[in-house]
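Be aware that the sequence shown starts at 1, since it is given in UniProt numbering, and climbs by one per residue. Inspection log for the structure reproduced underneath, given as structure tokens.
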Amino acid sequence: MAIERLRVLRELADRGTVAAVAQALSMTPSAVSQQLKVLAREAGVPLLEPDGRRVRLTDAGRALVVRADEVLAAMDRAVAEMDSYRGSPRGQVRVALFPSGAALLLPAVLKELADSGVDVVARDEDVPPSEVPRLLADYDVVLTHRDERAASIGGPRVASRVLMREPIDVVVSPDHRLARNGAVVPAELADETWISVHGGFPVDDVLRSIATVTGVQPRIAQRLNDFTVIEAMVATGYGVALMPRYAVRNPNLVMLRLAGVRAARVYDLATRPNAAKRPAVATVLAAFRTAAQQVTGADS
């Protein structure tokens, strides 16, 4: 089986449609379809089946995608090994990060890599953890976050590593009735007006946990994913919010520890399986670990 045809199959698994694969690989849709037909003949079994006006992978197709990941990873490692004979790790590593994680860690990561020969191309991607497999079609490393009670996103086609844990606190304005408490329990928050994030993100997961403990559905006035905007609204007394501890920047806020609820988000670094065997990717992962230790060590 030709490696390039295996790459086309993997792209279809990642992107979902022939049109999306064609755009990603700078091919025509008909050329993509032809490559997939040839690959099916080489495999000797159907790899695709109709799904309405589209196609989807058969069981054999999904199994072959996992092997395609292994083959393509081996090719990447071969290139990296040849690079190693020329000296230190080098090459470009594409990294996706959620915005608040990028603000917290990316400057330290880039500083750590300044003389490494590794070129990081970073982009902010604010998506729930369920979207990470899709992102790995375009990125080598994805920094994502999840509620600490949620399952790992790792699987047959995703390698996931826990990077750090960040507590989630309640933030209020200085003149709020709870501002001098230091810590609060969920029952004290039952009547509050909340400013939260969109559903599917760790902060909203914690808010739902509060609702479970109190038996009261939170009154959510606004849903915004920009923590800077949330901070500004809380500081003016518009409501209260849950905020990851290291993301708080506004000095006009009071942070209260949330007692009685497991309240934290976990940072995960996701790659394709075996991607960390590439020296450049391994170097980037190590830089993230160093940056995370600097943050959590300062808080301990």
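Beta carbons: idealized from backbone N, C-alpha and C, even for Gly.
Counted as a single uninterrupted DSSP element, the stretch harbouring A232 is not any beta strand (DSSP E) but the alpha helix (DSSP H) occupying residues F227 to A235.
Separation of N250 and D147 (C-alpha to C-alpha, rounded to the nearest whole angstrom) is 23 Å. A residue is called buried when at least 16 other Cβ atoms come within 10 angstroms of its Cβ; R265 meets this threshold and is buried. Counting only unbroken stretches of 3 or more residues, the beta strand (DSSP E) elements lying wholly within the stretch 21-69 are 48-51 and 54-57, in sequence order.
For a cut-off of 8 Å, the C-beta gap from L48 to V55 is around 4 Å, short enough to register as a contact. Per DSSP, I210 is one residue of the alpha helix (DSSP H) stretching across P202 to T214. The three-state reading of DSSP puts D119 in strand, counting E and B together.
Check the Cα spacing between T144 and each of S209, Y267 and A19: the tightest is with Y267. Boundaries of the beta strand (DSSP E) harbouring R257: V254 to L258, taken from the DSSP string. Runs of the beta strand (DSSP E) lying entirely within the stretch 147-174 and spanning at least 3 residues, in chain order: 159-172. For A263, there is no enclosing alpha helix (DSSP H), as DSSP marks it with neither H nor E.
G297 and I220 have their alpha carbons spaced roughly 34 Å apart. For the pair of segments examined, the stretch 233-248 was found to touch the stretch 185-205: the number of CB pairs separated by less than 8 Å reaches three. Judged by beta-carbon spacing, F98 lies beyond the 8 Å limit of D140, meaning their Cβ atoms are not closer than that value.
When the alpha-carbon of A96 is set against those of L256, A122, P128 and V197, the nearest one is in A122. Approximately 7 Å separates the beta-carbon atoms of P273 and A73; this is inside 8 Å, confirming the contact. Cβ-Cβ distances below 8 Å link I3 to V71, L72 and M75 in the same chain, with the five nearest sequence neighbours on each side left out; the list follows chain order.
Beyond the five residues adjoining it in sequence on each side, A187 comes within less than 7 Å, by CB distance, of T214 in the same chain, given in chain order. L136 is the residue among D205, V216 and L136 whose C-alpha sits nearest the C-alpha of S160.
Between V32 and A287, the C-beta spacing is not below 8 Å.
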